[in-house]
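**Student:**
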Amino acid sequence: MGGSQSKRLEVASKTGVLALKEEGLTLVPEKVFTIRTLRTLDLSGNKLIKLPPQVGVLAQLTVLVVDRNRLKALPDEISKAEKLETISANNNQLTCLPNSIGSLSRLKKLTVSYNEM
24 MGGSQSKRLE VASKTGVLAL KEEGLTLVPE KVFTIRTLRT LDLSGNKLIK LPPQVGVLAQ
84 LTVLVVDRNR LKALPDEISK AEKLETISAN NNQLTCLPNS IGSLSRLKKL TVSYNEM
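Just add 23 to wherever you are in the sequence shown, counting from 1, and you've got this note's numbering.
1) Compute the Euclidean distance between the alpha carbons of N114 and G47, then round it to the nearest angstrom.
2) Using 10 angstroms around the beta-carbon of V34, count the other beta-carbons present and answer buried if the total reaches 16, otherwise exposed.
3) By the three-class DSSP mapping on this structure, what secondary structure does K132 have?
4) Taking the beta strand (DSSP E) that V51 belongs to, which residues open and close that run?
5) In chain order, what residues of the same chain have a beta carbon less than 6 Å from the beta carbon of L43, not counting five sequence neighbours either side?
6) Between the Cα of R93 and the Cα atoms of N69, L64, K106, which residue gives the shortest distance?
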């Protein structure tokens, strides 16, 4: 992991906001899931094929942006991030959404335009 990315992870642990946009990521760095205070996670413009189930451990997460990746699905465990209010997953390769997404009672905005649904 590059120095710039490490610095952003450190800052995110204080601010609750992490943007790893346009980084060419194929995997979400494991350290992201250790930031228990994370409220906003922006992973847009990468090369992610899969969002790991660990996204469910981000109990404070309210905004998740994964636009412009190569995601084929969102994990069922996304429903464990119970404070999610916004999920943006535009311009991916999603063919469906997990049924568990319906249990996110605070979800106000779900955008999934330009997918394969």
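Built from N, CA and C at the ideal position, the CB exists for glycine as well. A quick note: this is a predicted structure, and the numbers were derived from the prediction, not measured.
**Tutor:** So, from the data block:
1) Cα-Cα distance, rounded: 15 Å.
2) When all chains shown are included, V34 counts as exposed.
3) K132 falls in the strand class under three-state DSSP.
4) Looking at the DSSP string, V51 is not in any beta strand (DSSP E), and its letter there is neither H nor E.
5) Correct list, in chain order: L66.
6) Residue N69 is the option with its Cα nearest to R93.
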